[in-house]
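In our numbering, the protein residues as written are 52 to 509.
Working notes, structure below.
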């Protein structure tokens, strides 16, 4: 569901000239990826965005004098405009033609005529509709969409709120994604979560504070909220009567002004005066009597931090052997989407693995050693149907989510999806035998894989 434009040959790319030609002065490179050096555009994959404007970053791949500008699904109209301006700027500076993924190579004037405001609005709308439709087909699940700074989880809470007015679904979606990206640049208090334990040591509870007049961002991990008024601030703990309400109940009491900007992230407005007093009265009616009853077993924390999950210990040899099946399972699912897998495809896949996979995941690089050394045995198990690819992926996902940090798990999943896309992509790509267009069956397989990995829209 992404969309790419290609320009070549581009022997060199000066960042200052390109940015000046776009007309934007707020374009930034995402940290953690290659940055410009001496005003030269970085080689390889990098990501750019407009600060406090973009919802999702653009992916830019500059390699071997070829520039690829890629727009992710669920990107905002502003993200599309940045992509088109960037393509136009490079084409104008270098006098090159432009090759859209869905069209023939064309001149800059033809490109501007075909890919203007009407195209971007239609493409943006259809891609977002596809994402939302994917969710409605499986409403008990959620879809994760990486923004410029943070990842949005689209689930029941977010979907229900933003679809109240059917005519404003797109505006509500992008408003939430932007707030999630840039809330730290607004006058919003990020609530601290405090974990308390009972005297017996068998129950813990998470608490956060909502203070009168203070816009507050909460993270819901079965969090209880205590309301603190201006008057409470002048009282000592013995004089203050504390009331605890679950975060989801706080959101319900506040109403539409409390926004779920991600499935477990709530932005609550700063209430004061009569509004605050009404909220306190309603909170008193539903307050939790025993906060520890609402809590959790400290030895079975459903919201353990990624670091805590990883603390269970390093990956075992069996874990590594299991993860080594990931590239092959992905290949089998995508390559078999529009028919059976023949020997030529298998051989071509093996050759590409021997050349090496470019990935940011150190773990993927590590498991590739096992894949290459036992390729025939491993893929043979799939082809003989001794191993089911989907079942194997479910086992792999449990290890990724249960034993790795969120960052490393995400990198490994992105690498898996990248392999799947490469299998299905254009002639001259990964296998060089699938033609210039990805089949409908392969597209469905890729969408299913992305949803399974929690990477829909990437």
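Ideal placement from N, C-alpha and C gives every residue a C-beta, glycine not left out.
- The closest CA to that of residue 88, considering only 55, 63 and 104, is found on 63.
- Annotation: the continuous alpha helix (DSSP H) that includes residue 136 extends over 128 to 145.
- Comparing alpha-carbon positions, the option among 321, 348 and 495 lying closest to residue 238 turns out to be 321.
- DSSP places residue 112 inside the beta strand (DSSP E), whose first and last residues are 109 to 114.
- Taking the Cα of residue 206 as reference, the smallest distance to any Cα among 192, 198 and 199 is reached at 192.
- Cβ atoms of residue 204 and residue 314 come within 8 Å of each other, at about 4 Å.
- Counting only unbroken stretches of 3 or more residues, the beta strand (DSSP E) elements lying wholly within the stretch 256 to 312 are 267 to 270, 274 to 279 and 295 to 297, in sequence order.
- Spanning the alpha carbons of residue 459 and residue 127 requires a straight line of approximately 27 Å.
- About 5 Å separates the beta carbons of residue 276 and residue 261, which is inside the 8 Å limit, making them a contact pair.
- Residue 95 and residue 116 have their C-alpha atoms some 11 Å from each other.
- Closest option to residue 436, judged by alpha-carbon separation, among 472, 380 and 449: 380.
- Within the same chain, Cβ atoms closer than 6 Å to the Cβ of residue 384 are found at 440 and 496, the five residues on either side in sequence being excluded.
- Annotation: the continuous alpha helix (DSSP H) that includes residue 446 extends over 440 to 454.
- For the pair residue 251 and residue 334, the Cα-to-Cα distance works out to about 28 Å.
- Note on the stretch 327 to 403: whole alpha helix (DSSP H) runs with a minimum of 4 residues are 357 to 361, 368 to 374 and 377 to 386, in chain order.
- Taking all protein chains in view, the Cβ of residue 147 is crowded by 16 or more other Cβ atoms within 10 Å, so the residue is classified as buried.
- Bounds of any alpha helix (DSSP H) do not take in residue 97; it lies within the beta strand (DSSP E) bounded by 95 to 101.
- Per the C-alpha coordinates, the member of 144, 503, 165 and 160 positioned closest to residue 154 is 165.
- If you check the CB distance, residue 415 and residue 463 come in under 8 Å.
- By the Cβ rule, the stretch 78 to 85 does not count as touching the stretch 159 to 179, because fewer than three pairs are nearer than 8 Å.
- The beta-carbon distance between residue 231 and residue 316, rounded to whole angstroms, is 7 Å. This is short enough to meet the 8 Å contact definition.
- Under DSSP, residue 78 shares a beta bridge with 101.
- Residue pairing by DSSP leaves residue 160 without any beta bridge partner.
- Taking a cut-off of 8 Å for Cβ pairs, the stretch 63 to 73 and the stretch 132 to 143 touch, as three or more such pairs fall below it.
- Taking C-beta atoms as the reference points, residue 267 and residue 226 fail to come closer than 8 Å.
- The Cβ-Cβ distance between residue 167 and residue 107 does not fall below 8 Å.
- Only residues of its own chain outside the window of five on either side were considered, and among them 255 have a CB closer than 6 Å to the CB of residue 248, listed in chain order.
- Of 274, 283 and 456, the smallest CA-CA separation from residue 264 is found for 283.
- Taken atom to atom, the span from the alpha-carbon of residue 295 to that of residue 327 is near 15 Å.
- In this chain, residue 83 is not harboured by any alpha helix (DSSP H), its DSSP state being neither H nor E.
- The C-beta separation of residue 447 from residue 374 comes to about 6 Å, placing the pair in contact by the 8 Å criterion.
- If you ignore the 5 residues before and after residue 450, its C-beta comes within less than 8 Å of the C-beta of 366, 370, 373 and 374, all in its own chain and listed in chain order.
- About 35 Å separates the CB atoms of residue 151 and residue 234; that is not less than 8 Å, and the two are not in contact.
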